[in-house]
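If you want the numbering used here, it's the position in the sequence shown, counting the first as 1, plus 190.
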Amino acid sequence: MISVSLTLYSPRSTRNTRIERLWVEVGTQFARRWRAFFTRLGRLHNLDRKNPRHLWLLQRLFLHELNDDCHEFREEWNLHPISGRMTNDQSPADIRFLGQTTEGIYREDPLDGIHPDVINRYYGVAGARRRRPRNQTGAGIASDDEGESDADGPSVEEELENQIGADLAQNIRHEPVPVARHRSPFKDPDLESDFLELLEGLLEQLDALPKNYGVLEDEWEEEDYPEIEIIKPGKRGKELVIALPRPDWFPRAARWAQALDLLTRFLDEIEGTESASGNEDGSQDLGSDDSE
Numbered sequence: 191m192i193s194v195s196l197t198l199y200s201p202r203s204t205r206n207t208r209i210e211r212l213w214v215e216v217g218t219q220f221a222r223r224w225r226a227f228f229t230r231l232g233r234l235h236n237l238d239r240k241n242p243r244h245l246w247l248l249q250r251l252f253l254h255e256l257n258d259d260c261h262e263f264r265e266e267w268n269l270h271p272i273s274g275r276m277t278n279d280q281s282p283a284d285i286r287f288l289g290q291t292t293e294g295i296y297r298e299d300p301l302d303g304i305h306p307d308v309i310n311r312y313y314g315v316a317g318a319r320r321r322r323p324r325n326q327t328g329a330g331i332a333s334d335d336e337g338e339s340d341a342d343g344p345s346v347e348e349e350l351e352n353q354i355g356a357d358l359a360q361n362i363r364h365e366p367v368p369v370a371r372h373r374s375p376f377k378d379p380d381l382e383s384d385f386l387e388l389l390e391g392l393l394e395q396l397d398a399l400p401k402n403y404g405v406l407e408d409e410w411e412e413e414d415y416p417e418i419e420i421i422k423p424g425k426r427g428k429e430l431v432i433a434l435p436r437p438d439w440f441p442r443a444a445r446w447a448q449a450l451d452l453l454t455r456f457l458d459e460i461e462g463t464e465s466a467s468g469n470e471d472g473s474q475d476l477g478s479d480d481s482e
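Structural data, given as structure tokens:
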């Protein structure tokens, strides 16, 4: 009785699931370092995580490097052995290679990369299920003869999306997380191109570091630039000390400072020009009113 009671009242453990182990590996291999770096940018180098302009600039500077780390982790993960009776310590790459060798490879397969269970469940099934009279299968009856369809109803693609969403809803146990805005601050694409061109030239000048961004030696909190950062990955207050070696992460911080300083000055100049232009137009309008 005691053992049964403990089993009934204890929450389900997910610590041993493969997806949770995978996320732990993602964090320890590269994601935590990037989080610590972004935390440092906010603590020392004027990053405002609630400013859409800052988030846009952050993506322009570092998204490709973060994706490179993701791809590198994926390649390493696909080479690690998987324990179990079905896999025999083979890696995902081994299983894929053996499957292609024994089953062949489809050329230009539009379903490549989609899990077989998803294909079996949804592929080739379109529209809502039709109810037919007893002893009728629908064989030999054209779809045009089965009555008019509801023209105002959802399309086939929308029905499929709704069906998949409904099937997966039971797996979602939390409210959706709002995505921070990261819209480009430039209304004119030409101005954005001009800024990116200036930024590319500026980043080649490694010694051109701006003031008041925490990247100059006399602005450091200690004698040397810090090589560790503390983050809190959860809500329980547990702190993790993350190593950020200076040769790898200080150049990124300097790049951020250069880019943010340039973006601030560039936008200030644009806003000043627009304001001056507006004042001139207003003065001309007042003059024309007097003449009338």
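Note that CB positions come from ideal geometry on N, CA and C, so glycine has one too. Computed from a predicted model, the values in this text were never measured in an experiment.
Which of the three DSSP states, helix, strand or coil, is assigned to residue 180?
The structure shown has nothing for residue 180, since the chain only spans 191 to 482.
Using the rule of at least 16 other Cβ atoms within 10 Å of the residue's Cβ for burial, across every protein chain shown, is residue 213 buried or exposed?
Locating residue 213 in the sequence shown gives position 23, where the first residue counts as 1. Label assigned to residue 213: exposed.
Could you compute how far the alpha carbon of residue 465 sits from the alpha carbon of residue 425?
Indexing the sequence shown from 1 puts residue 465 at position 275. Indexing the sequence shown from 1 puts residue 425 at position 235. Each residue's alpha carbon lies about 46 Å from the other.
For residue 464, three-class secondary structure by DSSP
Here residue 464 refers to the residue found at position 274 of the sequence shown. The answer is helix: DSSP assigns residue 464 an H, G or I state.
Which residue from 229, 225, 312, 219 puts its Cα closest to that of residue 266?
Working through the sequence shown from its first residue, we reach residue 266 at position 76. Selected option, being the one with the closest Cα: 219.
Residue 365 to residue 268, Cα distance in whole Å?
Along the sequence shown, one-based indexing puts residue 365 at 175. Along the sequence shown, one-based indexing puts residue 268 at 78. One C-alpha to the other measures close to 32 Å.
Three-state secondary structure (DSSP) of residue 189:
Outside the displayed range of the chain (191 to 482) lies residue 189, so it cannot be described from this structure.
So what's residue 398 in DSSP terms, helix, strand or just coil?
Mapped onto the sequence shown, residue 398 falls at position 208. Coil at residue 398, not helix or strand.
Following the continuous beta strand (DSSP E) through residue 431, name the residue where it begins and the one where it ends.
By 1-based counting over the sequence shown, the position of residue 431 is 241. Residues 430-433.
At the level of alpha carbons, what is the spacing between residue 440 and residue 459?
In the sequence shown, counting from the first residue as 1, residue 440 sits at position 250. In the sequence shown, counting from the first residue as 1, residue 459 sits at position 269. CA-CA distance, residue 440 to residue 459, rounds to 29 Å.
Within a Cβ cutoff of 8 Å, which residues of the same chain sit near residue 261, ignoring the five residues on either side of it in sequence?
Working through the sequence shown from its first residue, we reach residue 261 at position 71. There are no such residues.
What residue range does the alpha helix (DSSP H) around residue 421 cover?
For this step, residue 421 is matched to residue 231 along the sequence shown. Residue 421 -> not in any alpha helix (DSSP H); beta strand (DSSP E) instead, spanning 418-421.
Please report the distance separating the alpha-carbon of residue 394 from that of residue 369.
Within the sequence shown, the letter at position 204 stands for residue 394. Within the sequence shown, the letter at position 179 stands for residue 369. Taking the straight line joining both Cα atoms gives about 32 Å.
Quick one: give me the first and last residue of the alpha helix (DSSP H) that residue 291 is part of.
Taking the first residue of the sequence shown as 1, we reach residue 291 at position 101. Residue 291 -> alpha helix (DSSP H) spans 282-293.
Does the distance from the C-beta atom of residue 403 to that of residue 447 stay below 8 Å?
Taking the first residue of the sequence shown as position 1, residue 403 is located at position 213. Taking the first residue of the sequence shown as position 1, residue 447 is located at position 257. Less than 8 Å divides the Cβ of residue 403 from the Cβ of residue 447.
What are the boundary residues of the alpha helix (DSSP H) that includes residue 244?
Against the sequence shown, residue 244 aligns to sequence position 54. Following the DSSP letters along the chain, one finds residue 244 inside the alpha helix (DSSP H) bounded by residues 242-267.
Are the Cβ atoms of residue 442 and residue 252 separated by less than 8 Å?
Numbered from its first residue, the sequence shown carries residue 442 at position 252. Numbered from its first residue, the sequence shown carries residue 252 at position 62. Result yes, Cβ atoms of residue 442 and residue 252 sit closer than 8 Å.
Quick one: what's got a C-beta closer than 7 Å to residue 433's C-beta in the same chain, skipping five residues either side?
If you number the sequence shown from 1, residue 433 lands on position 243. Scanning its chain for C-beta atoms nearer than 7 Å, with the 5 sequence neighbours on each side dropped, one finds around residue 433 the residues 417, 418, in chain order.
Is the separation between the beta-carbon of residue 388 and that of residue 444 shorter than 8 Å?
Here residue 388 refers to the residue found at position 198 when the sequence shown is read from its first residue. Here residue 444 refers to the residue found at position 254 when the sequence shown is read from its first residue. Not in contact: residue 388 and residue 444 (Cβ atoms no closer than 8 Å).
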